[in-house]
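Just below is one structure, and these are the notes that go with it.
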Amino acid sequence: MDELNRAIVERLLRDGRATYQEVGNAVGLSAPAVKRRVDLMLARGEIAGFTVHVTPAAMGWTLEGYVEIFCDGIVAPAVLRRDLSPIPEVVRVATVTGDADAMVHVVAADMAGIERTVERIRSAAHVVKTRTSIVMSRVVDRPEA
């Protein structure tokens, strides 16, 4: 990815709804040139897609936490995806190093919602233990790259 494409992506990360003209003005290209570059980055898989980021509070999710999950044996990431992606309160799952097998970022309206979500996570056949930490405040919150 060259510097112009990086600049285009950085601009789109700040405002995914920016027009090609607005992006072009920011990076010194015409709107058609920006569109061609964006289309190529999409075709090559450098840009995975465009999405809406919803403020969790707007969905009534005012509480968030991180759930470490500990599994019985080796569990493939595809199994974690299959088991945890149907849970709407699960916003991110990552396999990690250390004692836990994976870290699950969850959101909910209240503590009862967190508890229900953790119970759903625990119900997966391979999960033998969880450890949950509740977020008190976000200190740095950047858009994903």
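The opening residue of the sequence shown carries number 1 in full-length UniProt numbering; numbering runs sequentially from there. The beta carbon of each residue, even a glycine, is placed where N, CA and C say it ideally should be. Here the structure is a predicted model, which is why all the values come from computation and not from measurement.
Could you say if the segment 103-117 and the segment 53-72 meet the contact criterion of at least three C-beta pairs nearer than 8 Å? yes
8 Å contact criterion, which Gly-65 and Ser-133 should meet: CB distance rounded: Numbered from its first residue, the sequence shown carries residue 65 at position 65. Numbered from its first residue, the sequence shown carries residue 133 at position 133. Right, the Cβ-Cβ distance comes to about 6 Å (below 8 Å), so this counts as a contact.
With a CB to CB cut of under 6 Å and the five nearest residues on each side skipped, what residues in its chain are close to Thr-95? Position 95 of the sequence shown, counted from the first residue, corresponds to residue 95. Excluding positions up to five away in sequence, the list reads Pro-77 and Ala-102.
Nearest by alpha-carbon distance to residue 146: which of Val-75, His-105, Gly-98 and Asp-83 is it? Missing from the structure shown is residue 146; the chain here goes from 1 to 145 and no further.
State the Cα-Cα distance for the pair Gly-24 and Leu-84, rounded to the nearest angstrom. Within the sequence shown, the letter at position 24 stands for residue 24. Within the sequence shown, the letter at position 84 stands for residue 84. In this structure, the CA atom of Gly-24 is about 40 Å from the CA atom of Leu-84.
So what does Phe-70 bridge to, in DSSP terms? Residue 70 sits at position 70 when you count from the first residue of the sequence shown. For Phe-70, which the question treats as bridged, DSSP gives the partners Lys-129.
Can you tell me the Cβ-Cβ gap for Val-34 and Ile-74, rounded? I've got them flagged as a contact below 8 Å. In the sequence shown, residue 34 corresponds to position 34, counting from 1. In the sequence shown, residue 74 corresponds to position 74, counting from 1. At roughly 45 Å, the Cβ-Cβ gap does not stay under 8 Å, so Val-34 and Ile-74 are not in contact.
For Gly-65, write down the residues that DSSP places opposite it in a beta bridge. Here residue 65 refers to the residue found at position 65 of the sequence shown. Its beta-bridge partners are Val-106 and Ile-134.
What residue from Ala-100, Val-91, Ala-124 and Asp-99 has the CA that sits closest to Ala-108's CA? The residue you call residue 108 lines up with position 108 of the sequence shown. Closest option to Ala-108, Cα to Cα, is Val-91.
Can you tell me where the beta strand (DSSP E) with Ala-94 in it begins and where it stops? In the sequence shown, the residue the question calls residue 94 occupies position 94. It spans 90-95 - the beta strand (DSSP E) in which Ala-94 sits, taken as one unbroken run.
Report all residues from its chain with a CB closer than 7 Å to the CB of Arg-120; omit the five preceding and five following residues, and keep chain order. Translated into positions along the sequence shown, residue 120 becomes position 120. If we look at Arg-120 and ignore the five residues flanking it on each side, its Cβ neighbours are Ile-87.
Contact under 9 Å by Cβ, Val-128 with Phe-70: One-based indexing of the sequence shown puts residue 128 at position 128. One-based indexing of the sequence shown puts residue 70 at position 70. It is a contact, given that the beta carbons lie within the stated cut-off.
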